[in-house]
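First the structure, in the form of structure tokens, and then the observations on it.
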Amino acid sequence: MSNDPLLQPYRLKHLTLRNRIMTTSHEPAYPEEGMPKERYIAYHAERAKGGVALAMTAGSAVVSRDSPPAFNNVLAWKDEVVPWIRRLTDALHEHGCAAMIQLTHLGRRTGWSRGDWLPSVAPGPHYEPAHRFFPKVLEEWDIARIVGDFADAAERMQAGGMDGIELEAYGHLIDNFWSPLTNALDGPYGPQTLESRMKFGLEVIDVIRKRVGNDFIVGVRFTADENAPGGIDPQMGLAMAERLKATGQVDFLNVIRGRIHTDPALTGVIPLQGMKSAPHLDFAGAVRAATGLPTFHAARIPDVATARHAVTAGLLDMVGMTRAHIAEPHIVRKIMAGREDDIRPCVGANYCLDRIYEGGEALCMHNAATGRELTMPHEIPAAETRRRVVIVGAGPGGLEAARVAAERGHAVTVFEAAGDPGGQVRLAARSERRREMISIIDWRMAQCAARDVTFRFNTWAETDDVASENPDVVIVATGGLPNTELFETAGENDLLTTTWDLIAGDVKPAKSVLLYDESGDHPGLQAAQVAAEAGAAVEVMTPHRSFAPDIMGMNLAPYVDALQAKGATFTVAQRLLGVARAGNRLRATVGSDYGGMRREIEVDQVVVNYGTRPLDELYFALRPLSTNLGEVDYEALIAGRPQEVRRNPEGAFQLFRIGDAVAPRNTHAAIYDALRLVKDL
1 MSNDPLLQPY RLKHLTLRNR IMTTSHEPAY PEEGMPKERY IAYHAERAKG
51 GVALAMTAGS AVVSRDSPPA FNNVLAWKDE VVPWIRRLTD ALHEHGCAAM
101 IQLTHLGRRT GWSRGDWLPS VAPGPHYEPA HRFFPKVLEE WDIARIVGDF
151 ADAAERMQAG GMDGIELEAY GHLIDNFWSP LTNALDGPYG PQTLESRMKF
201 GLEVIDVIRK RVGNDFIVGV RFTADENAPG GIDPQMGLAM AERLKATGQV
251 DFLNVIRGRI HTDPALTGVI PLQGMKSAPH LDFAGAVRAA TGLPTFHAAR
301 IPDVATARHA VTAGLLDMVG MTRAHIAEPH IVRKIMAGRE DDIRPCVGAN
351 YCLDRIYEGG EALCMHNAAT GRELTMPHEI PAAETRRRVV IVGAGPGGLE
401 AARVAAERGH AVTVFEAAGD PGGQVRLAAR SERRREMISI IDWRMAQCAA
451 RDVTFRFNTW AETDDVASEN PDVVIVATGG LPNTELFETA GENDLLTTTW
501 DLIAGDVKPA KSVLLYDESG DHPGLQAAQV AAEAGAAVEV MTPHRSFAPD
551 IMGMNLAPYV DALQAKGATF TVAQRLLGVA RAGNRLRATV GSDYGGMRRE
601 IEVDQVVVNY GTRPLDELYF ALRPLSTNLG EVDYEALIAG RPQEVRRNPE
651 GAFQLFRIGD AVAPRNTHAA IYDALRLVKD L
């Protein structure tokens, strides 16, 4: 029996949880037609296999027709969900993991133009800024109907074998009632008193309890402090917690601090890289101390040490490590095996959640198997035949290829022109807010070192260098260099500065800087922030209707906060057409795709973010020497079969290229390229 506090069992009512680690409710957006089918089940089952004690599934499952999915949510209002919930529950129980699900009515956090085109509803007329749909103000018959919908949904989850449910009461309908900021009703459910505001939520709890009985676990995830003037404050939050306890019907509390109605507010609730870890942990502990109720919490608890502290200090009963498990599903298993150093770190990039909130599916920045459990392995199997693999480039894609090939048992040699690994990730990590990105590289280097991968740094690999290794497989992962040949720009491109120049410190920001961002990804705003913090007057310009769309909402918030504080301006729907010298300054000609507007401005420096051009000379030099002439069988790649293309009988090795050596994409794409190719070598 381990003495590790995290590995101690916890008794929740009649249920014994095998350790103190859980995944809190989140919607990975994998449902199909509103049902948690094979992909959804495989995702949660992998984390159960990895040792997590409790999986709080869904984020959230919606209980009513007029709560259409905002994030491809599970449809808990449909009877057909029951057999799928049963399959999900059985898959989790098979691995010794307790299974619960979060239920909600989204209230104003959704819109009428989805699902059945019914009006969204709320206890007040104001929209939620993040979703921008004005709701219908609830009538009495709406309230009665929705209370019944909650009970029906809870009964379905019980029929599906779930161990319990959690009611979502932050940002959604129940919280819309509870918060003085969003409740504007007249009558018994209105904002006059705490009792009147909580009346709806307590009725929901009461009718659910009557429907499911005393043995079914029912908890509440709620905002105990909105951290906003006029909203729920800590004193009020504790009073709410005491009121929930007094019902005798609530088995646990899951504590949230903050609001989620805007992107900046959401990043306060769910912090990302560059922000403080576990910022609300002590507050959650105060709620636990005041109520004595079992208390759960998750908010950037990314590492085992912080989780262990939460339990040891008596702050939490169950620790939510949700994004950490998106990056590494086998955290508990590795703790038990004494392999904490092998845990793939969550780097706080928030690629997972940002994609969800933009209507996509959850994917991890640097674990390409997450969400692809049906086709991609988290544990790499050994190959039947050992091969010699040469990789050129030690960026994220090259290092992932090296790691996976080494785990397959192949002999791996990596050439890297620079003195250190990392490629563009190392560049990104130069900014203080994004320094955690370097863990993507450090973890892979440690994994490669443990498997005797040979590295040759400060080596610009030529054809003869590669051929001298007598490889069976060559993977070109050389990345790219900044592209300054704008699509519709005339003039001298040597007058342009690249974002890489500023981020790396190779070029100092001038007094006034035009940051022209056509790619819309991190380097643009990262370079703009470097310039602004150096004292430059910065204008960020894009030809698109919104700026930096690839950064997405939660990651965008810290950039805008920093840039606005330095007086930067943002210009949309204007295109850089040309740059010419104007004395010791630069004259930029600016136009627009809308109506033919044209103007000229003078600045000291024009910095361009327009993707990269592949560094592919070595790849094309090696093609004639390869058996496949560089060709990839896409059908085999997608189906997970080995590459068997043979186009050149005289060829000596298979040749592939990945990541930005193919085309400018992102870190996840490079790592996914590597994993799905090399896992079958």
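Per UniProt numbering, the sequence shown runs over residues 1 to 681. For every residue, glycine included, the Cβ atom is placed at its ideal position computed from N, Cα and C.
In DSSP terms, what residue i is bridged to
i      : result
ASP517 : ASN609
ALA537 : SER512
GLY480 : PRO614
GLY320 : MET22
PRO136 : Reading off the sequence shown, one finds Lys at residue 136, where the question assumed Pro. Answer is VAL121, bridged to LYS136.
ASN254 : ARG221, PHE296
ILE165 : ILE101, VAL218
SER654 : The sequence given here places Gln at residue 654; Ser does not occur at that position. Beta-bridge pairing links GLN654 to VAL473.
GLU462 : Beta-bridge pairing links GLU462 to no other residue.
ALA582 : ARG585
SER626 : PHE653
ILE391 : VAL414, ILE475
GLU600 : THR589
TYR10  : LEU17
ALA55  : THR23, ALA99
LEU75  : VAL62
LEU576 : VAL590
MET35  : GLU32
THR193 : Answer is none; THR193 lacks a bridge partner.
ARG456 : PHE415
PHE570 : VAL540
THR497 : VAL607
Integer Cβ distance of residue i from residue j, believed to fall under 8 Å
i      : j      : result
ALA58  : GLN8   : Incorrect: roughly 27 Å between the Cβ atoms, too far for contact.
ALA394 : PRO421 : 4 Å
VAL530 : LEU563 : With 8 Å as the limit, VAL530 and LEU563 do not qualify as a contact, their Cβ atoms being about 11 Å apart.
VAL287 : VAL255 : 5 Å
LEU354 : GLY553 : Note that residue 354 is Asp in the sequence shown, not Leu. That belief holds up - the Cβ atoms of ASP354 and GLY553 are roughly 6 Å apart, short of 8 Å.
GLU128 : SER60  : With 8 Å as the limit, GLU128 and SER60 do not qualify as a contact, their Cβ atoms being about 15 Å apart.
THR478 : LEU655 : With 8 Å as the limit, THR478 and LEU655 do not qualify as a contact, their Cβ atoms being about 13 Å apart.
ASP550 : ASP593 : The Cβ separation is near 19 Å, so there is no contact.
ALA53  : ARG18  : 5 Å
THR463 : LEU677 : In fact, because the Cβ distance is near 21 Å, the residues do not count as touching under 8 Å.
Contact check, residue i vs residue j, beta carbons under 8 Å
i      : j      : result
PHE216 : THR24  : no
LEU371 : PRO36  : Here the sequence assigns Gly to residue 371, which means Leu is not the residue at that position. No, they are not a contact pair.
ASN648 : THR667 : no
VAL476 : ALA310 : no
GLY611 : ASN483 : yes
ARG156 : VAL62  : no
GLY201 : ILE174 : yes
PRO271 : ARG300 : yes
LEU253 : VAL220 : yes
VAL453 : VAL412 : yes
HIS105 : ILE41  : no
THR604 : LEU586 : The displayed chain sequence assigns Asp, not Thr, to residue 604. For ASP604 and LEU586, yes; Cβs fall inside 8 Å.
ALA568 : ALA527 : no
ARG388 : GLY409 : no
CYS352 : ALA368 : no
ILE260 : TYR170 : yes
MET376 : LEU625 : no
HIS131 : ARG109 : yes
ALA307 : LEU6   : yes
ILE441 : ARG426 : yes
ASP680 : GLY640 : yes
CYS97  : ALA154 : no
PHE547 : VAL538 : no
ARG545 : ALA573 : yes
TYR43  : GLU373 : yes
PRO125 : PHE133 : no
LEU118 : ASP186 : no
LEU316 : ALA289 : no
Any non-hydrogen atom of the ligand SAH closer than 7 Å to residue i Cβ
i     : result
GLU94 : What this structure holds is no ligand at all, so the ligand SAH is not there to describe.
**OP:** Give a yes or no on contact between the region 123-140 and the region 161-168, applying the rule of three or more CB pairs nearer than 8 Å.
**Re:** Too few Cβ pairs lie closer than 8 Å, so no.
Original post:
So does the region 240-248 actually touch the region 273-283, counting three or more Cβ pairs closer than 8 Å?
Top reply: Taking 8 Å as the limit for Cβ pairs, the verdict is that the region 273-283 does not touch the region 240-248.
Subject >> Cβ contact (3+ pairs, closer than 8 Å) linking the region 629-640 and the region 492-506 >> reply: These segments do not touch.
Subject >> Three CB pairs or more closer than 8 Å across the region 345-363 and the region 429-443 >> reply: Note that the region 345-363 touches the region 429-443; at least 3 beta-carbon pairs, one per stretch, sit closer than 8 Å.
**OP:** For the region 552-566 and the region 574-586, state whether three or more C-beta atom pairs, one from each stretch, are separated by less than 8 Å.
**Re:** Counting Cβ pairs under 8 Å, fewer than three are found: no touch.
Subject >> At least 3 beta-carbon pairs within less than 8 Å: the region 606-622 vs the region 512-520 >> reply: Result yes; three or more Cβ-Cβ pairs closer than 8 Å.
Original post:
Which residue spans inside the region 339-404 form an unbroken alpha helix (DSSP H) run of at least 4?
Top reply: With a minimum length of 4 residues, the continuous alpha helix (DSSP H) runs that stay inside the region 339-404 are 351-357.
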